[in-house]
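So the sequences go chain by chain: Y and B. When we follow this note's numbering, the leftmost residue of the first sequence carries the number 45, and every step to the right adds one. When we follow this note's numbering, the leftmost residue of the second sequence carries the number 408, and every step to the right adds one. Data block below; observations after.
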Amino acid sequence: MTRSNAPGLVEEDHRCWLAVVGCNDGLWDWNFQKEEVYFSDRWKAMLGYLPDEIGSSLEEWRCRVHPTDLDSVTRAIQQHLAGDTELYCAEYRIRHKWGQYLWVLDRGRAQIDASRMPVRMAGTYTDVTERRLAEEVVQNLSEELQTILKLSPDDFVAFDRLGKVKYLTQAFEELTQLAARQVHGLSEEQFWDLMASQSKPGSATGNVTTARNNLVQNSTLRRSLIELASPAGRVLSASQRTSGATSIAKILCFRDVSHETEVDRLKTEFLSTAAHELRSPLASIFGFTELLLAEQDAARRQEFTEIVYQQAQSMIHLLNEMLDLTRIEARRQTDFVFTTVSAKDLVKAVVHHFILPAGREAPSLDAPPDGLFVRVDVKKTSQVIANVLSNVYKYSPAGGPVSIRIEHFPGTEDASELVVHICDQGMGMHPSEVAQVFERFYRARPNCGIPGTGLGMSIVKEIMTCFHGRVQVDSQPGAGTCVALFFPSA
Amino acid sequence: MAQVLIVDDYSDIRRLLSVTLGKKFTLTEAEDGVGAMDVIRRDPPQVVLLDVMMPGEMDGLAVLDAIKGDPKTRNIQVAMLTARGQVVDSDEARSRGADAYFVKPFSPLQVVTWVREKLM
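Take a look at the structure:
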């Protein structure tokens with residue numbers, strides 16, 4: 045066929061001819077009777093061949109189809125010939141002269157005779173390689189994006205330029221316990237409503253309305269905090285980023301600040317309790333010094349001065365224990381020096397240095413003959429044992445024996461422990477008192493004249509936790525108390 | 408009949424107040440809200456020095472409500488002793504009928520002056 049003016053063609057045919065040539069597709073025409081296929085020059089050129097390099101057998105086509113695709117193409121042809129489809133259409137790979145495969149869109153139609161036998165079938169060939177590659181790139185990008193969203197540790201939600209949720213990270217789902225499908229496509233308004241439904245009603249820490257206002261005002265001074273209903277105590281800090289981009293317009297990030305919030309709360313609580321605890325000895329000191337200034341009687345002055353002295357000592361003791369506790373908390377393991385020692389020797393040393401209350405006997409010590417060893421900070425462990433001993437003697441003011449027993453505790457298979465039991469037969473505690481024993485400043489009997497800061501056992505617990513050990517208290521009112529210190533075996 | 412009832416869970420504070428007042432007035436003591444109510448029912452004093460924060464079933468404000476809520480005891484003069492020095496706390500105490508409010512550490516001489524005023 046020559047260009048532009050094909051002679052001898054009727055108007056419609058001319059039109060078709062122009063269209064076919066113009067769209068640059070290949071053409072094929074299968075004659076079933078003659079078992080011959082016409083391939084246009086363009087068809088052959090698409091595959092890299094000159095017109096005389098390809099013949100007219102079906103085999104020319106079949107041998108070049110990608111082996112994996114051949115079955116599905118054959119099926120598509122058969123379905124069309126059987127009358128199942130109006131038009132034949134198949135997308136597959138075909139081998140170029142130089143060895144690489146092209147993606148082609150093969151479309152056509154068959155002519156069936158009265159006895160339902162195919163007479164002729166013809167169609168066009170469009171090279172869709174570029175389109176297929178582009179689709180693959182998009183597919184890969186999409187997968188990469190999904191992977192990033194799945195793996196990212198950040199919890200965020202991205203809104204597209206229509207203001208609807210387009211993307212969110214798996215981390216966000218886990219943080220808020222919302223499923224992606226609940227969130228996708230929501231407008232910003234709807235999204236915030238959803239967050240409000242997840243948050244704890246009446247929370248003092250943060251609610252959605254205030255958080256949103258802070259975000260809108262772009263306040264850097266106030267944090268936008270939201271407290272969730274579940275899991276309990278989960279607090280999020282919200283921030284937003286906007287862009288002028290046409291695809292993603294805004295991202296809302298939520299950071300889990302539960303831990304910091306809890307730590308802040310504990311600190312505030314500790315400080316206010318500590319201040320409160322210091323007020324009482326201070327009230328005595330202030331009160332009695334005022335009385336002292338107005339008092340003439342020497343004996344009374346002596347009495348008041350002694351009280352002031354005692355209360356001042358009490359405050360010093362309290363301050364020291366408070367500082368001790370905060371130091372242990374703040375530094376955790378870093379200023380501990382771990383050595384492996386015999387538990388028996390360590391306990392013996394503590395008992396030796398322990399100042400017994402007047403009239404009391406030293407504790408009895410019961411330990412197995414073969415050495416049981418622990419890996420601990422000797423100084424801190426001595427402090428623990430001394431604190432427990434101090435409590436044990438204090439809470440058995442009527443006297444009675446104090447015993448220490450060291451033994452091996454099998455526990456679980458690979459985590460055996462060494463236990464130091466320290467027991468008295470004193471006043472004992474009610475279960476409600478036992479439950480509070482380790483709380484800061486808790487004193488079981490503040491009124492019975494038993495001195496103490498209420499911090500001794502808190503310190504014991506902190507230190508034991510640093511050792512990856514634990515402490516347990518068993519007590520019965522009137523029958524005494526047993527404190528068990530569990531150390532991991534060395 | 409004791410003139411003054413001292414109520415505080417801290418023995419040191421009770422001691423301070425009893426030393427301050429003991430020479431001039433007759434005293435009884437209680438260490439919690441329930442104990443205070445026992446004394447008041449048995450043998451009502453004229454003046455009560457009442458700590459706000461006490462453990463147990465009744466704290467200071469509960470005792471205050473009980474005293475001021477009962478026509479038989481309404482006229483007992485009650486001074487609250489507390490560690491809370493905010494205006495809002497003293498306002499609350501006054502609105503519930505407290506006759507005075509002393510913040511710890513308080514001046515015992517001021518307390519004596521107030522007690523003397525109420526008992527003379």
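Cβ coordinates follow ideal geometry from the N, Cα and C atoms, glycine included.
Inset, instruction - Could you have a look at residue 353 of chain Y and say whether DSSP puts it in helix, strand or coil? - result: helix
Legend entry - Nearest residue (CA-CA) to residue 111 of chain Y, options Y:533, Y:229, Y:137: That would be Y:137, whose Cα lies nearest to the Cα of residue 111 of chain Y.
Legend entry - Contact check, residue 81 of chain Y vs residue 102 of chain Y, beta carbons under 7 angstroms: yes
Inset, instruction - Give a yes or no on whether 7 angstroms exceeds the smallest Cβ distance from residue 490 of chain B to chain Y. - result: yes
Inset, instruction - Give the DSSP-derived three-state secondary structure of residue 302 of chain Y in the structure shown. - result: helix
Inset, instruction - Can you tell me which of the three DSSP states residue 514 of chain Y falls into? - result: strand
Legend entry - Supposed close pair residue 176 of chain Y, residue 147 of chain Y - CB separation, criterion 8 angstroms: About 4 angstroms separates the CB atoms of residue 176 of chain Y and residue 147 of chain Y; that is less than 8 angstroms, so the two are in contact.
Inset, instruction - Provide the residue span of the alpha helix (DSSP H) that contains residue 449 of chain B, from first to last. - result: First-last of the alpha helix (DSSP H) with residue 449 of chain B: 440-449.
Legend entry - Members of the region 332-345 of chain Y that neighbour chain B once the beta carbon cut-off is set at 7 angstroms: 332, 334, 335, 338
Legend entry - Validate contact between the region 324-336 of chain Y and the region 345-362 of chain Y using beta carbons, cut 8 angstroms, 3 pairs: yes
Legend entry - Assigned exposure category for residue 484 of chain B - 16 Cβ within 10 Å defines buried: Residue 484 of chain B comes out buried.
Legend entry - Helix, strand or coil at residue 532 of chain Y according to DSSP, with G and I counted as helix: strand
Inset, instruction - Out of Y:262, Y:244, Y:94, Y:285, point me to the one whose CA is closest to residue 277 of chain Y's CA. - result: Y:244
Inset, instruction - Kindly indicate which three-state DSSP category residue 412 of chain B falls into: helix, strand or coil? - result: strand
Inset, instruction - Could you give the DSSP three-state label for residue 147 of chain Y: helix, strand or coil? - result: The answer is strand: DSSP assigns residue 147 of chain Y an E or B state.
Legend entry - Within-7 angstroms CB hit, residue 330 of chain Y to chain B: At least one chain B Cβ lies under 7 angstroms of residue 330 of chain Y.
Inset, instruction - Would you please state the rounded distance, in angstroms, between the beta carbons of residue 384 of chain Y and residue 417 of chain Y? I believe it to be under 8 angstroms. - result: 5 angstroms
Inset, instruction - Determine the closest residue to residue 460 of chain B out of Y:513, Y:310, Y:317, Y:439, with distance taken between C-alpha atoms. - result: Y:317
Legend entry - Rounded straight-line distance, which links the Cα of residue 87 of chain Y to that of residue 169 of chain Y: 7 angstroms
Inset, instruction - Closer than 6 angstroms by C-beta to residue 156 of chain Y: which residues in its own chain qualify, once you throw out the five before and the five after it? Chain order, please. - result: 162
Legend entry - Cα-Cα separation, residue 235 of chain Y to residue 227 of chain Y: 7 angstroms
Legend entry - residue 350 of chain Y versus residue 474 of chain B - alpha carbon distance: 36 angstroms
Inset, instruction - Could you run through the region 313-330 of chain Y and flag, in chain order, every residue whose CB is less than 9 angstroms away from some CB of chain B? - result: 319, 320, 323, 324, 325, 326, 327, 328, 329, 330
Inset, instruction - Could you tell me whether the Cβ of residue 470 of chain B comes closer than 7 angstroms to any Cβ of chain Y? - result: no
Legend entry - N-terminal and C-terminal residue of the alpha helix (DSSP H) that residue 435 of chain Y is part of: 422-438
Legend entry - Cβ neighbours of residue 506 of chain Y in the same chain (closer than 7 angstroms, five flanking residues each side left out): Hits under 7 angstroms: 369, 372, 373.
Legend entry - Bridge-paired residues (DSSP) for residue 73 of chain Y: Y:82, Y:166
Inset, instruction - Determine the direct distance from the alpha carbon of residue 215 of chain Y to that of residue 200 of chain Y, and round the result to whole angstroms. - result: 8 angstroms
Inset, instruction - Pull up the distance between the alpha-carbon of residue 287 of chain Y and that of residue 259 of chain Y, whole angstroms please. - result: 15 angstroms
Legend entry - residue 524 of chain Y in three-state terms, based on DSSP: strand
Inset, instruction - May I ask you to verify whether the region 455-471 of chain B touches the region 430-446 of chain B, counting CB pairs closer than 8 angstroms and requiring at least 3? - result: Output reads yes: the region 430-446 of chain B touches the region 455-471 of chain B.
Legend entry - Residue of Y:511, Y:67, Y:524 minimising C-alpha distance to residue 533 of chain Y: For the options Y:511, Y:67, Y:524, the alpha carbon positioned closest to that of residue 533 of chain Y is the one of Y:511.
Legend entry - Residue from Y:241, Y:213, Y:388, Y:293 whose Cα sits closest to the Cα of residue 270 of chain Y: For the options Y:241, Y:213, Y:388, Y:293, the alpha carbon positioned closest to that of residue 270 of chain Y is the one of Y:241.
Inset, instruction - Decide yes or no for the touch test of the region 187-204 of chain Y against the region 282-299 of chain Y: beta carbon pairs closer than 8 angstroms, at least 3 of them. - result: The region 187-204 of chain Y vs the region 282-299 of chain Y: in contact.
Inset, instruction - Identify the contact partners of residue 355 of chain Y in chain B, using a Cβ-Cβ distance below 9 angstroms as the criterion. - result: 419
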